[in-house]
Each structure stands twice: as C-alpha cells, then as structure tokens.
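Have a look at the structure below before the remarks.
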Amino acid sequence: MKGFTTKALHGAPQKRDVHGTLRMPVYDSVAFEHASAEDVQAAFEGRLAAHSYSRISNPTVEDYEQRVRLLSDALGVIAVSSGMAAISNVMLALCEAGTNIVTTRSLFGNTYSLFENTLRPWGLDITYVDLSNRDVLRAAINENTRAVYLETITNPQLEVVDIEAVAAVAHAHKVPLVVDGTVTSPYLFRAKDFGVDVEVISSTKYISGGATSVGGLIVDYGTFNWRNNPKIAPWVAKYKASALLTWLRAEVYRNLGACLSPHNAYLQTLGLETLSMRAERSCANALAVAEYLTGRSDRVRAVNYPGLAASRYHAIAARQFPHGFGGILTFDLASKAECFAFMNRLQMIRRATNINDNKTLILHPASTIYCEYSPVEKEDMHVSESMMRLSVGIEDGEDIIADLEQGLAGLRGPDSVEAAG
71 MKGFTTKALH GAPQKRDVHG TLRMPVYDSV AFEHASAEDV QAAFEGRLAA
121 HSYSRISNPT VEDYEQRVRL LSDALGVIAV SSGMAAISNV MLALCEAGTN
171 IVTTRSLFGN TYSLFENTLR PWGLDITYVD LSNRDVLRAA INENTRAVYL
221 ETITNPQLEV VDIEAVAAVA HAHKVPLVVD GTVTSPYLFR AKDFGVDVEV
271 ISSTKYISGG ATSVGGLIVD YGTFNWRNNP KIAPWVAKYK ASALLTWLRA
321 EVYRNLGACL SPHNAYLQTL GLETLSMRAE RSCANALAVA EYLTGRSDRV
371 RAVNYPGLAA SRYHAIAARQ FPHGFGGILT FDLASKAECF AFMNRLQMIR
421 RATNINDNKT LILHPASTIY CEYSPVEKED MHVSESMMRL SVGIEDGEDI
471 IADLEQGLAG LRGPDSVEAA G
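In this note's numbering, the protein residues as written are 71 to 491.
Below, the structure written as structure tokens:
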C-alpha cells in the first residue's frame, strides 16, 4: 500500500481485535488485568508488551498511534491530550533549567505564552531570531541549545521558512529540529523528507475530522542521535533510536499525565480516514477565497496566503507542501472597528476560535488569542489590530465567498477616514 488514504483505511494495526472488528473498539478502561504477579511486574518494568494503566498506554490509543506512525513514516508516536501538551512534553523532555531553545517570534499565541510565562520562569532561555537568516541562526545556537523550534506555516502570520535549510544548520550543531505541523498535518507536509526530527501536532485540527475532539501528537522520526542530548543520552545504550520515546513514555509523559482519552483516540482514528479529502477541499477553498479577497482591494487592504503566486512564501511553500497550502488565510481591513463590523455581518461563517474545522471560522487574533500581550509584543509577533484570520472549511466554495461578499458590502473600505479613525 502506497497511497495516504489507502494506508489510513487499510494499514494493518499492530494488534487485531479479538472479535475481528473493522475498527479498534473504545477501551474505556482504566486498568488491565494480568495473568500473574510476575506479568504485572514485567509490564511495569517494560519487559512485557502489555497495558497496565490507561494514563501510560491503552489499546485504543495504541492503535491510533500506530496508524499515525504508518502515515508519517515515523519511528514512533505518542498521542497526548492536546497540541499544547505535545509541545510541553517535548520541551520538558529535551530541556532543563539553564538550557535554551532557538525559535521565532512568529508563533501561535499560546505557544509563545508557554515559552515566556511557563518555561522561562522555570529556567529555560528562549532566543528569538529570524529563522530565514542562516547566519543569524548559526550565531544563536550554543552549547546549551537543546532544540530549534518552528511552525510549518506560522499561525496566524502564515510565514514559511526553508525547513530543510534550518534543519541543516541545526544538525550541524548537533541539535534536533522540532516542528509544529498542526497547520499542515502529515498529509500536506512530509516532515521526515525535510529533516524534521520531532514533529508536534494538534490533532484537534485537521486530524480530528471536524472539531470532534481535542488531542495532540508527538512524532519521532528516528533521525536524531540522542547521544547529543545530555538528558536523553543515558537512555541510548539500552533503547537506541527509541531513547526519546522511551524517556517520554517512562518519565515525562507518564508523570505529567497528559494522556489522550480512548474515546478521543477513536474519533481521531476515524478522522484519519478522511483527512486527505478534507484537507484538499479546504486548501482548494482557501485558495479560491484568497483570490477573491485579493480582487476586493476596495474593501480589503491586504491578503496573506502562501498559495497566492504573489506571496513572498509561495515558491518555498510549493516545494514543501505539494498537496496544498493549508486552510488558513489572513486579510486586513481598515481598522479593528471594521473587523468587528465585518464579523458581525457574517451569516454562515462562524465567529469562533479553532482552525481546520469542517466549518469556516473567523477570528480577530489581536483581541482574542493575543489579547494578553502589549501592543509592542503584538507588533513583534506580526499581529496587527486590522488582521482577520479565516480558517476555510469544506463547504461549497461559492457559499463561503457569498457570505464574505455580503459581509464586505456594508463596509466603508480602506480609504474611509471614518473607518481609519
């Protein structure tokens, strides 16, 4: 089997259900019985491949993890309770007080908050650089750097860097590249082919199949030599390439308790089956909407979408994301007041957070996801008061555009003195 969707539907799970069901059942059980006291001990020590407690492993979650592993061509996968749990688990596994990571200020708002307000007080140093400048990136990495971190397409800035080039710099310094692939998913972006060592994903988005469930994924591609990380190096002799996954499963993931529920694992396994079709539809709709908005310069000041030929990121995005440029675009109106007026006129498009739902969703990032930050911080993160984020769903494209059209109809436009004031 070679095709993504064929693998998603028919990829052989690691274990067959005893009743031969076509889908792994939901094992909503906390604990699992063993045949003997010796078996219980062996399971806890990792010498017996068996489930003991659902905070550590569960049959339904394991089946989901194995399907993601197959689709990603990864060494292994750990499913967690959210995308933020995936990021925090990886950072706590790789780093310790006194170490640092190198990243960009163009980050999802909660990720920036995790780094600045949670991990920096704990003792982690974060260095923000322009990742498109290799010389600057090289200069930022030092002996205490534990990871270079970026998003495949930044949310909501929609910036795209040459991931393969960033990987080359990181690997030259014996540092892993950790990438958030939420906006692209394993279907739109083949992370392993571009030098990514560890991918973190909010499976709440594309994978869940229409905002059915919250979840996250940690995907280890087995490409990094973990002897180069002081925390994980002691595990390499015994566990070799699986050292990070073992360290996570045995310590960090287990102790933080950020396990994915079996029910959510089941829902997201169903989501995998239609991922490619939904992603293709939302990407096609997003491009059509971006082209429409570009033609509405009487109302729209700017449109940002890497799928547009005029985008500064188009060439590199086309190389990295051959199946589509994602379902998110941003556009600028005349002011925050215009943005709110526009949102309130919409009839079909939902005013809600989240991305890659089946439904088209709209949000004003500066007043929501980034509301806790000062104007200077928002400017540094390239989030303006006039920016709208549109997560384009899988509705009929003409209906999305029709709703945008009627929403724009009542606005004064970018040249309006009253709107600008």
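Backbone N, C-alpha and C define an ideal beta-carbon position, used for all residues, glycine too.
Within 7 angstroms, strictly: CB atoms of M413 and R421:
yes
Helix, strand or coil for F391 per DSSP?
coil
Decide yes or no for the touch test of the region 137 to 153 against the region 281 to 291: beta carbon pairs closer than 8 angstroms, at least 3 of them.
yes
Is the beta carbon of L330 sitting closer than 7 angstroms to the one on V150?
yes
What is the rounded straight-line gap between the Cα of L474 and the Cα of L416?
7 angstroms
In whole angstroms, what separates the C-alpha of N374 from that of E213?
37 angstroms
A372 - containing beta strand (DSSP E), residue span
A372 to N374
Between which residues of its own chain and E455 is the CB-CB distance below 6 angstroms, once the five residues before and five after are set aside?
K406 and A436
Distance check for Y182 and D494, CA to CA, integer angstroms please.
In the structure as shown, the chain begins at 71 and stops at 491. Residue 494 is therefore absent and cannot be evaluated.
Would I425 and K275 be called neighbours here (beta carbons separated by less than 7 angstroms)?
yes
Are there 16 or more other CB atoms within 10 angstroms of the CB of C165, so buried, or fewer, so exposed?
buried
Backbone CA spacing between D133 and S127 [nearest angstrom]
10 angstroms
What did DSSP end up calling N212 once you bin it into helix, strand or coil?
coil
Out of curiosity, what's the CA-to-CA distance linking D263 and Y219?
17 angstroms
I'd like to confirm the pairing. Which residues does DSSP put opposite I271 in its beta bridges?
L287
Look at the Cβ atom of I470, then the Cβ atom of V306, and state whether they are nearer than 7 angstroms.
no
Runs of 4 residues minimum, wholly inside the region 345 to 380: which ones carry the alpha helix (DSSP H) assignment?
none
On the DSSP letters alone, give me the boundaries of the beta strand (DSSP E) that L460 sits inside.
M457 to S461
Cβ of A155 within 6 angstroms of any heavy atom in the ligand MN?
Among the components modelled here there is no ligand, and therefore nothing to report on the ligand MN.
Sufficient close CB pairs (3 or more, under 8 angstroms) joining the region 362 to 372 to the region 308 to 318:
no
Starting from V138, trace the alpha helix (DSSP H) both ways and give me its first and last residue.
P129 to S142
CB of K244 within 7 angstroms of CB of N170, strictly:
no
With a threshold of 6 angstroms on Cβ separation, who are the neighbours of E221 within its own chain once the five nearest residues in sequence on each side are excluded?
D250
Per DSSP, what kind of secondary structure is Y123 in: helix, strand or coil?
strand
Can you tell me whether G491 is buried or exposed? The criterion is at least 16 other CB atoms within 10 Å of its CB, across all chains shown.
Residue placement at G491 is flagged as unreliable, the pLDDT there being 37, under the threshold of 50; the coordinate-derived value follows with that caveat. So G491 counts as exposed.
What span of residues does the beta strand (DSSP E) with G146 cover, start to end?
G146 to V150
Limits of the unbroken alpha helix (DSSP H) element including F410:
K406 to R415
What span of residues does the alpha helix (DSSP H) with V253 cover, start to end?
Taken as a continuous stretch (DSSP letters only), V253 belongs to no alpha helix (DSSP H), as it is neither H nor E.
I think F74 touches L140, with their Cβ atoms under 8 angstroms apart; what is that distance to the nearest whole Å?
Between L140 and F74 the Cβ distance is about 10 angstroms, and since that is not below 8 angstroms, they are no contact.
Nearest candidate by alpha-carbon position, reference L162, set T197, A217 and E108
A217
Outcome for N334 when other beta-carbon atoms lying within 10 angstroms are tallied against a minimum of 16
buried
Closest residue to L433 among V284, S461, L340 and S444 (Cα-Cα distance):
S461
Contacts around R459, its chain only, beta-carbon distance under 6 angstroms, and the 5 residues preceding and following it disregarded
P226, T400, L433 and P435
So what does DSSP say about Y443, is it helix, strand or coil?
coil
Are there 16 or more other CB atoms within 10 angstroms of the CB of P300, so buried, or fewer, so exposed?
exposed
Can you tell me which of F178, V248 and R260 puts its alpha carbon nearest to the alpha carbon of D267?
V248
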